[in-house]
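Here this note's numbering is used: the first residue of the sequence shown is 943, the next is one more, and so on. Structure record follows, encoded as structure tokens.
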Amino acid sequence: MRRSCASYSGDLAEFLSTNNQMAVRRDSLECPKGFVYVATYVQAVDLEHLATADAREALTCEVRRGLIARPRSLSPWMFYDAEGSRLFERITTLPEYYPTRTERAILAGNAHAIVAGAHGDRSLPLRLVELGAGTASKTCILLEAALRLSDDVAYVPVDVCPHALELACQNVACALPEVRIQPVVRNYVTHPLQLEPFDGTTLALYIGTSIGNFSPEEARLILRDLRVQLQPGDALLLGTDMVKDERTLLAAYDDSDGITAAFNLNILHRLNWELGANFDTARFLHRALWNSIESRIEMHLESTQEQDVAIERADLPIHFMPRETIHTENSYKFTDRSIQRLLNDVGFGISGAWKDSRGWYTLTLAYLR
Ligand code: AVJ
943 MRRSCASYSG DLAEFLSTNN QMAVRRDSLE CPKGFVYVAT YVQAVDLEHL
993 ATADAREALT CEVRRGLIAR PRSLSPWMFY DAEGSRLFER ITTLPEYYPT
1043 RTERAILAGN AHAIVAGAHG DRSLPLRLVE LGAGTASKTC ILLEAALRLS
1093 DDVAYVPVDV CPHALELACQ NVACALPEVR IQPVVRNYVT HPLQLEPFDG
1143 TTLALYIGTS IGNFSPEEAR LILRDLRVQL QPGDALLLGT DMVKDERTLL
1193 AAYDDSDGIT AAFNLNILHR LNWELGANFD TARFLHRALW NSIESRIEMH
1243 LESTQEQDVA IERADLPIHF MPRETIHTEN SYKFTDRSIQ RLLNDVGFGI
1293 SGAWKDSRGW YTLTLAYLR
């Protein structure tokens, strides 16, 4: 069944409008004037994983696992409710947060070479599948290049956040109405992607250094799950943030406007909101540190005092000691060698790599070995 982008966002909004946040959100989702709805097709929303009951259960599960464990931790996918996705978008525009604009500049300068490197046979249709698409703010650069090489281009954005995915659809539909859009709401960590067969070339996009959220072992599992969905001749574009001086790294995860702090603390708001918890967010501090042994930035929430918190819908009372922390995120930083090893370990060969002039960020194009 084919549906227009307009009716798609309507359906999604209804499906998810258990809080008024969504209603506010919908107003801001109107397409600019002149947008032609009929030219855009949105297909096959993965309804199974849209279910709010499902999402709530995943949340409850993760909260029980992570907050009972010592040291306490929560998985970074929990950042991305509507508010978290909005805060992340703001982070990407901060002066200290260089990864997004650096990646965008590399894409802008090399989109044609990247897509041409991935799409050998121009006569075939081309499908771009993006893991963790978010609002797809950078993907249009690649899709535009794709449309110059093939007149049959499909785009499959996959994301855990339906709100962000709606924006992704609108972004792409408005800018490039020729592209067929097939969004999938899915947590690709807990539910590996299952791609529909495709008669053409698939270019998998895993950009935005999202892979950095995962330990070397998890990253390998995710890339292996992705690789088995691809055919010989398909390709992967991987975006990775590189190791650099500690000051630059720390500033990117502890900005002077406190947006990253708000992003981190939003996890607690989300638990209050969705699981009936009673976190007083004024009693927690945002902490960012560089772990050079593991080659990663870590984000934590630190309790300022001894306190009790209850998470009603997870049936979980928690007692925090002063300075006790919840580990909320790892953001691994890479070297040429660690990228090469990662891809090699999961059955990819490298066919090209692009960096900015400072070598802060790398886009690597890989083929199936
Ligand atoms: C979306 C995982 C790439 O690790 O830089 C930004 C998330 N966290 N600021 C990153 C994030 C804090 C971001 N990724």
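The C-beta atom is built at its ideal place from N, Cα and C for all residues, glycine as well. Fair warning: this is a prediction, and the values are worked out from it, not measured in the lab.
For residue i, the nearest candidate out of the options (CA to CA)
i, options, result
"R1229", "A1204, N1220, I1235", "A1204"
"H1105", "S1092, H1242, R1090, V1126", "V1126"
"L1258", "A997, N1233, C1003, A995", "C1003"
"R1300", "L1310, L1172, P1264, T1190", "T1190"
"S1234", "E1266, M1184, F1262", "M1184"
"Y1039", "H1242, S1280, I1268, G1200", "G1200"
"D1094", "G1026, N1155, Q1173, D1141", "D1141"
"R1122", "V1071, P1158, A1146, L1172", "V1071"
"N1208", "E1271, L1168, E1248, I1239", "E1271"
"F1030", "E1236, G1074, G1062, R1162", "G1074"
"L1243", "S1017, T994, D996", "S1017"
"Q1171", "A1146, V1100, D1250", "A1146"
"A1161", "S1273, L1210, R1225", "S1273"
"F1221", "I1268, S1157, I1239, R1238", "I1268"
"G1289", "G1181, D1250, S1157, Q1173", "Q1173"
"S1198", "L1036, L1135, G1008", "L1036"
"Q1124", "V1100, L1210, D1278", "V1100"
"R1006", "E1266, E1240, A1256, D1278", "A1256"
"R1169", "R1238, E1240, N1113, G1291", "G1291"
"Q1249", "E1216, E1138, E1266", "E1266"
"L1068", "T1144, A1047, P1139, L1137", "T1144"
"W1019", "L1305, L1163, R1212, V1057", "R1212"
"S1237", "L1135, K1186, Q1112", "K1186"
"L1135", "I1239, C1111, V1098", "V1098"
"T1202", "T1042, P1139, R1032", "R1032"
"G1175", "I1239, V1057, Q1112, A1053", "V1057"
Pairwise C-alpha distance: residue j and residue i
i, j, result
"E1188", "T1132", "32 Å"
"A1219", "S1015", "16 Å"
"W1296", "R1012", "40 Å"
"S1152", "G1059", "22 Å"
"L1091", "R1064", "6 Å"
"Y1148", "N1129", "14 Å"
"L1066", "L1107", "27 Å"
"T1246", "L1227", "7 Å"
"L1307", "A1177", "7 Å"
"A1096", "F1276", "30 Å"
"Y1309", "H1261", "49 Å"
"W1232", "A1194", "11 Å"
"C1103", "P1264", "33 Å"
"I1010", "L1165", "29 Å"
"F977", "R1283", "With a pLDDT of 29 at F977, under the threshold of 50, the modelled position of that residue is not reliable, and the figure given next carries that caveat. Near 45 Å, if we compare the C-alpha coordinates of R1283 and F977."
"W1302", "A1252", "42 Å"
"T1034", "L1085", "20 Å"
"T1044", "S1079", "13 Å"
"S1293", "T1077", "27 Å"
"N1286", "S1280", "10 Å"
"L1089", "L1179", "17 Å"
"R1311", "A1000", "35 Å"
"A1024", "L1109", "11 Å"
"A1117", "S1027", "21 Å"
"Y979", "A1224", "Low local confidence applies: a pLDDT of 27 at Y979 is under 50, so the model's placement there is unreliable, with the coordinate-based value given in what follows. Their Cα atoms are separated by approximately 45 Å."
"A965", "R998", "Note that A965 scores a pLDDT of 26, beneath 50, so its modelled location is shaky and nothing firm can be said."
"G1008", "G1062", "45 Å"
"T1182", "G1150", "7 Å"
"N1214", "E1254", "9 Å"
"G1051", "F1156", "28 Å"
"L1049", "D996", "36 Å"
"E1120", "C1082", "12 Å"
"A1047", "A1055", "14 Å"
"E1298", "T1304", "Here residue 1298 turns out to be Asp, not Glu, going by the sequence shown. Straight-line Cα distance between these residues: approximately 7 Å."
Extent of the continuous alpha helix (DSSP H) run through residue i
i, result
"D1063", "That residue, D1063, is in no alpha helix (DSSP H); it is neither H nor E in DSSP."
"L1089", "1081-1091"
"W1205", "Strictly speaking, residue 1205 in this sequence is Phe, with Trp absent from that position. Its alpha helix (DSSP H) spans residues 1201-1217."
"P1158", "1158-1169"
"K1280", "In the sequence as displayed, the identity of residue 1280 is Ser instead of Lys. S1280 -> alpha helix (DSSP H) spans 1278-1287."
"I1292", "Segment 1290-1297 is the beta strand (DSSP E) holding I1292; no alpha helix (DSSP H) there."
"R1006", "994-1010"
"P1104", "1104-1117"
Which residues DSSP lists as bridging residue i, in chain order
i, result
"V1071", "V1098, A1146"
"D1023", "Answer by DSSP bridge pairing: none, since D1023 is not bridged."
"S1273", "I1239"
"T1267", "E1244"
"R1014", "I1268"
Residue i: first and last residue of the uninterrupted beta strand (DSSP E) it sits in
i, result
"R1189", "Counting along the chain, R1189 falls outside any beta strand (DSSP E), though it belongs to the alpha helix (DSSP H) covering 1188-1194."
"V1251", "1249-1253"
"D1183", "1177-1183"
"Y1309", "1303-1310"
"P1259", "1258-1262"
"L1231", "1226-1233"
Ligand 3 heavy atom lying under 8 Å from the CB of residue i
i, result
"I1083", "For the structure depicted, ligand 3 is absent and the ligand set comprises only ligand 1."
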